[in-house]
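Asks: Sharing a structure below in structure tokens format, with a few things to ask.
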Amino acid sequence: MERFNVVVCGFGQYEGVTVNPAYEVPRALATQGLGVPVDEDDPLNDVDVAVSAVSMPVSFTKSWPVLHEAIEATNPRIVVAMGLKKAARGIALERCATNRVGDDRPDADNVTPTYETINPDGPAAYWTRLPLRAILADFTAGNIPATLSSDAGTYVCNSLFYQLLDWTASQERVISGFVSLPMVNESGDRSTPGLPLNQQIEAGRAVIREAVRYWRQPSSADILIA
Numbered sequence: 005m006e007r008f009n010v011v012v013c014g015f016g017q018y019e020g021v022t023v024n025p026a027y028e029v030p031r032a033l034a035t036q037g038l039g040v041p042v043d044e045d046d047p048l049n050d051v052d053v054a055v056s057a058v059s060m061p062v063s064f065t066k067s068w069p070v071l072h073e074a075i076e077a078t079n080p081r082i083v084v085a086m087g088l089k090k091a092a093r094g095i096a097l098e099r100c101a102t103n104r105v106g107d108d109r110p111d112a113d114n115v116t117p118t119y120e121t122i123n124p125d126g127p128a129a130y131w132t133r134l135p136l137r138a139i140l141a142d143f144t145a146g147n148i149p150a151t152l153s154s155d156a157g158t159y160v161c162n163s164l165f166y167q168l169l170d171w172t173a174s175q176e177r178v179i180s181g182f183v184s185l186p187m188v189n190e191s192g193d194r195s196t197p198g199l200p201l202n203q204q205i206e207a208g209r210a211v212i213r214e215a216v217r218y219w220r221q222p223s224s225a226d227i228l229i230a
């Protein structure tokens, strides 16, 4: 059976957030796995997907070193980073990481960087490596609200996303990307931002499933970045 090492990372505590899905979802995916395929012809039936969860500080300088250390230790084929968008009503698939950092909000180290490039020698932006079209189709089948997001802003999420894709560009065959999660909302009230935690965990499973399928059988039909 073919083994796929997958790293799913998220951030630690956000100020004012009691239940942080960017922390809980990676942990659940690592402990619960992807579940049992319901289709006997599912191409995931003959692979062993091992998910490792990484929790990073909300820090411009420390988040990427923590993730990079985990990547070096596990040698993954797929890396999925997760963050939090408090006002989102569904899962946001980030299409682009920009070579720009800066925000009015300080990070966990109380650092508020000026607007500057992340890598002075890097490109202005990187596109995600995740198969967004296939992921959205899986979300639709599972009734998971989702949207495409043009970029991840200029805070720590984007900084990490850019550094991850910058690293990915030097690898022979690694798929990586960023998924923004909404607040946890167990009420079921769609007029209020957020989704139940279990639904967000299922969304994480869908992202990994489609990334593994795409790694094994790449198709341009699975890509959607515009």
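Sequential numbering of the sequence shown, starting at 5, is according to this note's numbering. Every residue, glycine too, gets a C-beta built ideally from N, C-alpha and C. Values in this document were obtained by computation on a predicted structure and should not be read as measured data.
Closest to Asn-202 by CA distance: which of Arg-109, Ile-75, Ala-138 and Glu-190 is it?
Replies: Selected option, being the one with the closest Cα: Glu-190.
Asks: Work out the CA separation of Leu-38 and Ala-230 for me, nearest whole Å.
Replies: Caution is warranted here: a pLDDT of 47 is assigned to Ala-230, below 50, making its placement in the model unreliable, and the coordinate value is therefore given only provisionally. Between Ala-230 and Leu-38, the C-alpha separation is close to 29 Å.
Asks: Less than 8 Å between the C-beta atoms of Val-12 and Ala-26, yes or no?
Replies: No. Outside cutoff.
Asks: Can you have a look at Pro-80 and say buried or exposed, based on whether 16 or more other CB atoms are within 10 angstroms of its CB?
Replies: When all chains shown are included, Pro-80 counts as buried.
Asks: Any idea if Val-142 is buried or exposed, counting beta-carbon neighbours within 10 angstroms, 16 or more meaning buried?
Replies: It is worth fixing the name first, because residue 142 is Asp in this sequence and not Val. With 16 or more other Cβ atoms within 10 Å, it is buried.
Asks: Could you say which of Leu-168, Val-58, Ser-56 and Arg-133 lies nearest to Ser-224 if we only look at CA atoms?
Replies: Among Leu-168, Val-58, Ser-56 and Arg-133, the Cα nearest to that of Ser-224 is on Arg-133.
Asks: Flag this pair as yes or no: are the beta carbons of Ala-138 and Arg-217 separated by less than 8 Å?
Replies: For Ala-138 and Arg-217, yes; Cβs fall inside 8 Å.
Asks: For Val-84, which residues from the same chain have a beta carbon less than 8 Å from its beta carbon, with the 5 sequence-adjacent residues on both sides left out?
Replies: Around Val-84: Val-10, Val-11, Val-12, Cys-13, Leu-134, Ser-180, Gly-181, Phe-182, Val-183, Gly-208, Val-211, Ile-212 and Ala-215.
Asks: If you reduce the DSSP assignment to three classes, tell me which class Glu-19 lands in.
Replies: Note: Glu-19 maps to coil in three-state DSSP.
Asks: Find the nearest neighbour of Gln-167 within the set Arg-104, Ala-112, Pro-222 and Pro-117, judged by alpha-carbon distance.
Replies: Among Arg-104, Ala-112, Pro-222 and Pro-117, the Cα nearest to that of Gln-167 belongs to Arg-104.
Asks: Where do the N-terminal and C-terminal ends of the alpha helix (DSSP H) with Ile-82 fall, by residue?
Replies: Careful: Ile-82 lies outside any alpha helix (DSSP H), inside the beta strand (DSSP E) at 82 to 88.
Asks: Could you check if Glu-19 is buried or exposed, using at least 16 other CB atoms within 10 Å of its CB as the buried criterion?
Replies: Under this definition Glu-19 is an exposed residue.
Asks: Look at the Cβ atom of Ala-156, then the Cβ atom of Glu-98, and state whether they are nearer than 8 Å.
Replies: For Ala-156 and Glu-98, yes; Cβs fall inside 8 Å.
Asks: With distance defined between alpha-carbon atoms, name the residue in Thr-78, Lys-66 and Pro-61 nearest to Val-53.
Replies: Residue Thr-78 is the option with its Cα nearest to Val-53.
Asks: Considering Cα atoms alone, identify which of Asp-226, Lys-90, Pro-124 and Val-115 is closest to Thr-196.
Replies: Taking only the C-alpha atoms, the option nearest Thr-196 is Lys-90.
Asks: Does Ala-230 come out as helix, strand or coil in the three-state DSSP assignment?
Replies: Unreliable placement is indicated for Ala-230, whose pLDDT of 47 sits below 50; no coordinate value is reported for it.
Asks: I'd like the span of the beta strand (DSSP E) that includes Glu-98, first residue to last.
Replies: Run containing Glu-98: 95 to 98, per the beta strand (DSSP E) assignment.
Asks: Span of the alpha helix (DSSP H) holding Asp-142?
Replies: 136 to 145 is the span of the alpha helix (DSSP H), which, as asked, contains Asp-142.
Asks: Going by CA-CA distance only, name the one from Ile-205, Leu-185, Tyr-130 and Trp-171 that's closest to Glu-73.
Replies: Ranking the options by Cα distance to Glu-73, first place goes to Trp-171.
Asks: For Phe-64, which of helix, strand or coil comes out of DSSP?
Replies: Three-state result, Phe-64: coil.
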